[in-house]
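Trainee: Numbering (this note's numbering), first residue to last: 250 to 837.
Pasting a structure here, questions to come.
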Ligand SMILES: [Ca+2]
Ligand SMILES: [Ca+2]
Ligand SMILES: [Ca+2]
Ligand SMILES: [Zn+2]
């Protein structure tokens, strides 16, 4: 893990800022798409501090009278309305009253709650993603398109490519600009997710993806593509890609969610917490389950791309391949074999021959040799200690060969019934958490993904045939810019938990008020809070007072000049989002 210091070199921060699309987004004017529905109008944030609630006090001319009357500056409503509108909208789309946490917490930008460099929140570094469509004969060869789009637009775009009119995405709008006029359905659509491969990652390593760059003019590249909801973690964003719905509709709201009062994880019981059907669920069933539908991924939280398999009434057992540790302690824990957990095997089919695909040792050797010495190390990292090489970029060419074997053996794209294939590549995400997006390890990973993309395109041209397939490439979220570069600080959840319990819990029973602190949310035992005669607003106000010295993680030195600076931009009870005067979208 990179060491965390409290303050950066300003020059370095500026340099990364200039390189990153995200920074221009924060200072740019809002761009409103002409073809979006209200729910998806999105992409660029409005300038921070320009919202009605913050300008009302100084008599700013943009204040709407009704907003000024109804929101008190400094109140929870005032704080919520003071953050950029697009960030608030994303937060609302990511929240459900029955499943999500009770308090929203928004650290000041680039600071973060927790460890392992999370990529969770409404900020551009987490939200800005690549969105590229490619497929001669099906996709317009036009390069960049400006209209803002979100991940919820992928499923309805696939539906249009398939001429599948019965699919109505709850939230997303099709990316019509991408579709060539008069196109007929391709034999195969492949959706590829570079997990955590946001625009900041690609902009930081501009020279590492020459092949993708060379494809851009031959396809359609959305230069204002965002996730569209917050929190931004893997499970819910894969489900948004699959369903065309935001988490408030599809129900996979975060990596921790409440089901019947208990906090659990999204795929603990298989696909059943995913409320909406995916495009694949509905299209496959409508076609009599004749299409070949499958996903090659890493862990079960990636399966929101694919859907419910035979759990969806009338659906069949689609192909699903992951490599998850049984009863894993974290959602990302991987093992050596491709597999499916017993609960997933009830609804999906696992093609076991994929474990026989050879050549991984050679892939590891290539990574070892790339740094100039065959010494068991990838750069300075012991390959053995990185899941015997699977946590190095060696997994990328290997997984691509596994994918090709699956396409060949299962017959994806072989006949005229269009098929759907979904792929998650996880190496960029792993590197972002361990070495950061600013590391040379990340450069290696992006370069390996680019090489694998070339390999896949050439394979599909040969196997399925040029002009017979479409590829969509995106990311489920971005990666955190590390504190030494961004100037953000690490906020430890421990003093937040103990502080809330000490301040508000005096009834001397053994039930604490705080159930769980997450990067942008806090789960609260509201009954316990009520018994202590306190409210979520009381707790939110207390959070707003926390300073850098209050929340320092163990072993992190606090810059004395900033020790008394507060660390949160906003904290408010989640439920107020439904009635905020500054969020009319919530009342439509
Ligand atoms: Ca199916
Ligand atoms: Ca080496
Ligand atoms: Ca087919
Ligand atoms: Zn992810």
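Backbone N, C-alpha and C define an ideal beta-carbon position, used for all residues, glycine too.
These figures come from a predicted structure and were not determined experimentally.
1. Taking its Cβ as the centre, do 16 or more other Cβ atoms sit within 10 Å of residue 585, making it buried, or is it exposed?
2. So for residue 459, helix, strand or coil by DSSP?
3. Under 6 Å Cβ to Cβ from residue 774, same chain only, skipping five residues before and after it: list those, please.
4. Taking 8 Å as the cut-off, does the CB of residue 529 come closer than this to any heavy atom belonging to ligand 1?
5. Can you grab the Cα-Cα spacing for the pair residue 750 / residue 466, in whole Å?
6. Measuring from the CB of residue 661, is there a heavy atom of ligand 3 at a distance below 8 Å?
7. Considering only the beta carbon of each residue, do residue 733 and residue 687 sit closer than 9 Å?
8. What is the rounded straight-line gap between the Cα of residue 426 and the Cα of residue 632?
9. Would you mind reading off the limits of the alpha helix (DSSP H) that contains residue 338?
10. Could you check what DSSP says for residue 626 in three-state terms: helix, strand or coil?
11. When DSSP builds the beta bridges, which residues end up paired with residue 416?
12. Can you tell me whether residue 833 is buried or exposed, with buried defined as 16 or more other CB within 10 angstroms of its CB?
13. Once you ignore the five residues that flank residue 582 on each side, which residues in its own chain have a CB closer than 6 Å to its CB?
14. Would the beta-carbon of residue 438 fall within 9 Å of that of residue 667?
15. With DSSP run on the structure shown, which of helix, strand or coil describes residue 321?
16. According to DSSP, residue 597 sits in a beta bridge with which residue or residues?
17. With three or more C-beta pairs closer than 8 Å as the rule, is the stretch 399-408 touching the stretch 461-481?
18. At what residue ranges does the stretch 791-832 contain a whole run of the alpha helix (DSSP H), taking only runs of 4 or more?
19. Should residue 841 be labelled buried (16 or more other beta-carbon atoms within 10 Å of its own) or exposed?
20. Which residues count as close to ligand 3 when the rule is a CB under 5 Å from any of its heavy atoms, in chain order?
21. Would you say the beta carbon of residue 626 is closer than 8 Å to some non-hydrogen atom of ligand 2?
22. Within a Cβ cutoff of 6 Å, which residues of the same chain sit near residue 821, ignoring the five residues on either side of it in sequence?
23. Quick one: any contact between the stretch 333-347 and the stretch 804-812, if contact means 3 or more CB pairs under 8 Å?
24. Would you call the stretch 362-379 and the stretch 739-747 touching, i.e. three or more CB-CB distances under 8 Å?
25. Classify residue 561 as helix, strand or coil using the three-state DSSP reduction.
26. To the nearest angstrom, how far is the alpha carbon of residue 592 from that of residue 503?
27. Using DSSP with H/G/I as helix, E/B as strand and the rest coil, what is residue 507?
28. To which residues of the same chain is residue 435 closer than 7 Å at the C-beta, ignoring the five residues directly before and after it?
29. What are the start and end residues of the beta strand (DSSP E) that includes residue 544?
30. So, are the CB atoms of residue 506 and residue 514 less than 9 Å apart?
31. Contact check, residue 568 vs residue 543 under 8 Å by CB: the rounded distance?
32. Is DSSP giving residue 476 helix, strand or coil here?
33. Can you tell which of 760, 785, 744 has the C-alpha that lies nearest to the C-alpha of residue 801?
34. Measure from the alpha carbon of residue 703 to the alpha carbon of each residue in 748, 664, 650, 725, then state which is nearest.
35. Taking 8 Å as the cut-off, is the CB of residue 620 close to at least one heavy atom of ligand 6?
36. In angstroms with no decimal places, state the Cα-to-Cα distance between residue 603 and residue 391.
Mentor: Per the coordinate set shown:
1. Label assigned to residue 585: exposed.
2. It is helical.
3. In its chain, beyond the 5 residues on either side, 762, 764 have a beta carbon closer than 6 Å to the beta carbon of residue 774.
4. Distance from the C-beta of residue 529 to the nearest heavy atom of ligand 1 is below 8 Å.
5. Rounded to whole angstroms, residue 750 to residue 466 spans 56 Å at the Cα level.
6. The nearest non-hydrogen atom of ligand 3 is less than 8 Å from the C-beta of residue 661.
7. The answer is yes: Cβ separation under 9 Å.
8. Going from the Cα of residue 426 to the Cα of residue 632 covers about 44 Å.
9. That run of the alpha helix (DSSP H) goes 334-342.
10. For residue 626, the secondary structure class from DSSP, reduced to helix, strand or coil, is strand.
11. Under DSSP, no beta-bridge partner is assigned to residue 416.
12. By the neighbour-count rule (16 or more Cβ atoms within 10 Å), residue 833 is not buried but exposed.
13. 574.
14. Result yes, Cβ atoms of residue 438 and residue 667 sit closer than 9 Å.
15. Annotated three-state conformation of residue 321 is coil, per DSSP.
16. 567.
17. Remark: three or more beta-carbon pairs, one from each stretch, lie closer than 8 Å, so the stretch 461-481 and the stretch 399-408 are flagged as touching.
18. DSSP runs (the alpha helix (DSSP H)) wholly in the stretch 791-832: 797-800.
19. Here the chain covers residues 250 to 837 and nothing more, so residue 841 does not appear.
20. That gives 664, 666, 668.
21. Correct: residue 626 has its Cβ closer than 8 Å to ligand 2.
22. Closer than 6 Å at Cβ, skipping near neighbours: 325, 328, 329, 353, 789.
23. Judged by Cβ distances under 8 Å, the stretch 333-347 makes no contact with the stretch 804-812, as fewer than three pairs qualify.
24. Cβ pair count under 8 Å is three or more, so yes.
25. Residue state, collapsed to three classes: coil.
26. Distance between residue 592 and residue 503, taken at the CA atoms: about 20 Å.
27. In the structure shown, residue 507 sits in a strand (DSSP, three-state: E or B).
28. The answer, listed in chain order, is 384, 387, 410, 667, 717, 718, 719.
29. Note, residue 544: beta strand (DSSP E), 542-545.
30. With contacts defined as CB atoms closer than 9 Å, residue 506 and residue 514 qualify as a contacting pair.
31. Taking C-beta atoms under 8 Å as the contact rule, residue 568 and residue 543 qualify, at a distance of about 3 Å.
32. Residue 476: coil per DSSP, three-state reduction.
33. Closest option to residue 801, Cα to Cα, is 744.
34. When 748, 664, 650, 725 are compared, the shortest CA-CA separation from residue 703 is found for 650.
35. This structure does not include ligand 6; its bound ligands are ligand 1, ligand 2, ligand 3 and ligand 4.
36. Taking the straight line from one Cα to the other gives about 37 Å.
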